[in-house]
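Just so you know, numbering that gives the first Met the number 0 puts 245 at position 246 of the sequence shown, and the rest follows in order with no gaps.
Heads up: the structure comes next, in structure tokens.
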Amino acid sequence: MLVAAGFDVSVRPDQRRGVDLLVSRDGETVVVQVKVRQKTIYEWDALRLLENTGEHVLVVVPIASRGLIDAAKKDGRLGVVSLRNRLLIWNREEIQSPDAIAESRASLAVPNRRRNPWGRWAIMRVYILNGEPRSQAELAKETGVTQSAVSKSNSALDGLVVRSASGWRAPDRLALWDAFMAEYAGPGGITTNWYGLDAVTHQSNSVVAAGASAGVQVLVSGDSAADQLAPWRVPARAAVYAASGIALGKLGFAQTTDERATLTFTVPADRTIWATAASWSQRRNTSTVDPVIAAWDVRRTGGPDADEAVKRIRNLVLTSERS
0 MLVAAGFDVS VRPDQRRGVD LLVSRDGETV VVQVKVRQKT IYEWDALRLL
50 ENTGEHVLVV VPIASRGLID AAKKDGRLGV VSLRNRLLIW NREEIQSPDA
100 IAESRASLAV PNRRRNPWGR WAIMRVYILN GEPRSQAELA KETGVTQSAV
150 SKSNSALDGL VVRSASGWRA PDRLALWDAF MAEYAGPGGI TTNWYGLDAV
200 THQSNSVVAA GASAGVQVLV SGDSAADQLA PWRVPARAAV YAASGIALGK
250 LGFAQTTDER ATLTFTVPAD RTIWATAASW SQRRNTSTVD PVIAAWDVRR
300 TGGPDADEAV KRIRNLVLTS ERS
């Protein structure tokens with residue numbers, strides 16, 4: 000909604016909070032802390048948030064209360080995004096997004112009401128990627144979660160994974176693939192949408208190179224990853240995951256809406272993405288996410304040949320020599 004309202008938005012790393020937003024308009028740039036809430040908050044809640052920081056605070060809620068809106072109109076440091084009625088309050092100004100733009104899914108992703116089971120989804124992926132039996136300690140290393148989390152995930156996956164004397168494995172990895180594709184809610188975090196003129200693969204490569212120069216870990220997903228893993232269609236959109244923000248404007252990208260984007264840039268809340276990518280690429284010189292995440296992003300990008308592109312990645316995984 001910020002992008003649709005004419006703001007430039009980028010991501011900045013923060014050691015305590017993970018990331019902040021840099022929001023620019025009319026030549027002025029401010030650092031913004033983002034607070035996503037599953038239900039509306041009231042004026043006193045917002046004032047308490049402001050008391051704890053000297054920076055701007057952007058509160059994202061399903062629908063803003065009258066008290067929250069009034070508080071934002073009184074204090075320019077408080078911004079409000081009301082998702083259900085597509086309302087933005089910024090610098091004491093009330094901005095209603097036009098319907099055609101408001102339907103875009105750009106900028107902020109609101110998490111599910113329940114906490115996302117990142118660990119279980121990561122466990123599902125490593126079972127899909129490797130059919131060999133492994134111990135819970137090995138599975139924990141591959142996913143970056145604790146052995147306790149692995150144990151709980153195995154219990155939750157009862158029927159899809161089995162234990163033998165050699166360790167844990169998934170007897171039907173295709174069934175587990177289908178289950179993951181049906182369940183995974185996405186990486187969460189903060190996503191911004193960008194437009195570039197270069198070929199899609201060149202766009203993702205330029206972000207990877209910029210990340211390497213800045214010391215920021217970057218992984219390629221979606222069409223760009225599929226083009227490396229199992230080439231099939233001409234890449235339509237690059238998907239990039241980064242550990243923190245990168246100044247994409249300096250690379251020639253222009254911020255845009257979801258419909259026009261040629262590259263999506265995400266600082267994910269799902270931190271297991273890094274561990275499963277490292278596990279998959281252990282013997283490969285690649286900077287892609289693991290193939291299951293890549294396939295999920297290809298499907299999200301869509302297009303008439305997306306299903307076939309996903310199928311080719313799936314076949315690569317299930318017939319891999321690592322199976």
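All residues carry an ideal CB built from backbone N, CA and C; glycine is no exception.
All values reported here derive from a predicted model rather than from experimental measurement.
Give me the residue from Thr200, Ser154, Val309 with the minimum Cα distance to Ala293.
What you label residue 293 is simply residue 294 of the sequence shown in a count that begins at 1. Checking every option, the nearest Cα to that of Ala293 belongs to Val309.
Assuming Leu175 contacts Ala169 under a Cβ cut-off of 8 angstroms, what Cβ separation, rounded to an integer in Å, is found between them?
Locating residue 175 in the sequence shown gives position 176, where the first residue counts as 1. Locating residue 169 in the sequence shown gives position 170, where the first residue counts as 1. With a contact defined as Cβ atoms closer than 8 angstroms, Leu175 and Ala169 qualify at about 5 angstroms.
Is the Cβ-Cβ distance between Asp222 and Asp269 less than 9 angstroms?
As a first step, residue 222 must be located in the sequence shown, where it is residue number 223. As a first step, residue 269 must be located in the sequence shown, where it is residue number 270. No, Cβ-Cβ distance for Asp222 and Asp269 is not below 9 angstroms.
Opposing strand residues paired with Arg24 [DSSP bridges]:
Taking the sequence shown and counting its residues from 1, the one referred to as residue 24 is at position 25. BP columns for Arg24 point to Glu27.
For Glu131 and chain B, any beta-carbon pair shorter than 9 angstroms?
Although the question refers to chain B, the structure presented lacks it and comprises just one protein chain.
So what does DSSP say about Trp167, is it helix, strand or coil?
To locate residue 167, count along the sequence shown from 1; it is residue 168. In the structure shown, Trp167 sits in a strand (DSSP, three-state: E or B).
Taking the CB atoms as reference points, tell me whether Val217 and Val207 lie closer together than 9 angstroms.
Reading the sequence shown from its first residue, position 218 is the one you call residue 217. Reading the sequence shown from its first residue, position 208 is the one you call residue 207. Closer than 9 angstroms, so yes.
By alpha-carbon positions, which one of Ile62, Val30, Asp304 ends up nearest to Arg36?
Numbered from 1 along the sequence shown, position 37 holds the residue referred to as residue 36. For the residues Ile62, Val30, Asp304, the minimum Cα distance to Arg36 belongs to Ile62.
Three or more C-beta pairs below 8 angstroms linking the stretch 250 to 259 and the stretch 222 to 231:
no
Would Gly195 be called buried (16 or more neighbouring beta carbons within 10 Å of its own) or exposed?
Here the question's residue 195 lines up with position 196 in the sequence shown. It is buried - the Cβ of Gly195 has at least 16 other Cβ atoms within 10 Å.
Could you tell me which uninterrupted beta strand (DSSP E) segments, each at least 3 residues in length, are contained entirely in the stretch 35 to 62, listed from first to last along the chain?
55 to 60
I need the straight-line Cα distance from Tyr41 to Gly251, nearest angstrom please.
The count along the sequence shown starts at 1 and reaches residue 41 at position 42. The count along the sequence shown starts at 1 and reaches residue 251 at position 252. Cα to Cα, Tyr41 sits roughly 41 angstroms from Gly251.
Within 10 angstroms of its Cβ, does Glu141 collect 16 or more other Cβ (buried), or is it exposed?
In the sequence shown, counting from the first residue as 1, residue 141 sits at position 142. Glu141 is buried by the Cβ-count criterion.
List the endpoints of the continuous beta strand (DSSP E) containing Trp89.
Looking up residue 89 in the sequence shown gives position 90. 86 to 89 is the span of the beta strand (DSSP E), which, as asked, contains Trp89.
Span of the beta strand (DSSP E) holding Tyr126?
The residue labelled residue 126 in the question sits at position 127 within the sequence shown. No beta strand (DSSP E) holds Tyr126; the alpha helix (DSSP H) holding it covers 117 to 128.
Helix, strand or coil, according to DSSP, for Thr287 in the structure here?
Numbered from 1 along the sequence shown, position 288 holds the residue referred to as residue 287. In the three-state DSSP reduction, Thr287 falls in the strand class (E or B).
Could you give the distance in angstroms between the alpha-carbon of Lys38 and the alpha-carbon of Gly118?
As a first step, residue 38 is located in the sequence shown; it is residue number 39 there, counting from the start. As a first step, residue 118 is located in the sequence shown; it is residue number 119 there, counting from the start. One C-alpha to the other measures close to 25 angstroms.
Could you tell me which of Pro116, Thr261, Thr318, Gln32 sits nearest to Glu182, measuring between CA atoms?
Working through the sequence shown from its first residue, we reach residue 182 at position 183. It is Pro116.
Using only CA atoms, which one of Val219, Asp306, Leu315, Arg313 lies nearest to Ile272?
Indexing the sequence shown from 1 puts residue 272 at position 273. When only C-alpha atoms are compared, the closest one is Val219.
Where Val215 falls: helix, strand or coil (DSSP)
Locating residue 215 in the sequence shown gives position 216, counting from the first residue. Coil.
Local conformation of Trp193 per DSSP, three classes:
Looking up residue 193 in the sequence shown gives position 194. In the structure shown, the three-state DSSP call for Trp193 is strand.
Measuring alpha carbon to alpha carbon, tell me which residue in Leu156, Thr145, Ala139, Leu173 is nearest Gly130.
Within the sequence shown, numbered from 1, the residue matching residue 130 stands at position 131. The shortest Cα separation from Gly130 among Leu156, Thr145, Ala139, Leu173 belongs to Leu173.
Gln281 classed as buried or exposed, judged by whether at least 16 other C-beta atoms fall within 10 angstroms
Translated into positions along the sequence shown, residue 281 becomes position 282. That one is exposed.
Using 10 angstroms around the beta-carbon of Pro303, count the other beta-carbons present and answer buried if the total reaches 16, otherwise exposed.
What you label residue 303 is simply residue 304 of the sequence shown in a count that begins at 1. It counts as exposed.
For the stretch 241 to 320, list the alpha helix (DSSP H) runs that are entirely contained and at least 4 residues long, ordered along the chain.
For the stretch 241 to 320, the full-length alpha helix (DSSP H) segments reaching 4 residues or more read 271 to 279, 290 to 300, 305 to 317 along the chain.
Is the Cβ-Cβ distance between Glu54 and Asp7 less than 9 angstroms?
Translated into positions along the sequence shown, residue 54 becomes position 55. Translated into positions along the sequence shown, residue 7 becomes position 8. Not closer than 9 angstroms, so no.
Tell me whether the beta-carbon of Val80 lies closer than 9 angstroms to the beta-carbon of Val58.
Here residue 80 refers to the residue found at position 81 of the sequence shown. Here residue 58 refers to the residue found at position 59 of the sequence shown. Cβ atoms of Val80 and Val58: closer than 9 angstroms.
Where Asn84 falls, given that 16 or more other Cβ within 10 Å makes a residue buried
Here residue 84 refers to the residue found at position 85 when the sequence shown is read from its first residue. Residue environment analysis places Asn84 among the exposed positions, since fewer than 16 neighbouring C-beta atoms fall within 10 angstroms of its C-beta.
Return the bridge partner residues of Gln202 from the DSSP annotation.
In the sequence shown, counting from the first residue as 1, residue 202 sits at position 203. Looking at the DSSP output, Gln202 sits in no beta bridge, so it has no partner there.
Would you tell me roughly how many angstroms separate the C-alpha atoms of Met123 and Phe179, rounded to the nearest one?
Taking the sequence shown and counting its residues from 1, the one referred to as residue 123 is at position 124. Taking the sequence shown and counting its residues from 1, the one referred to as residue 179 is at position 180. Answer to the nearest angstrom: the Cα atoms are 7 angstroms apart.
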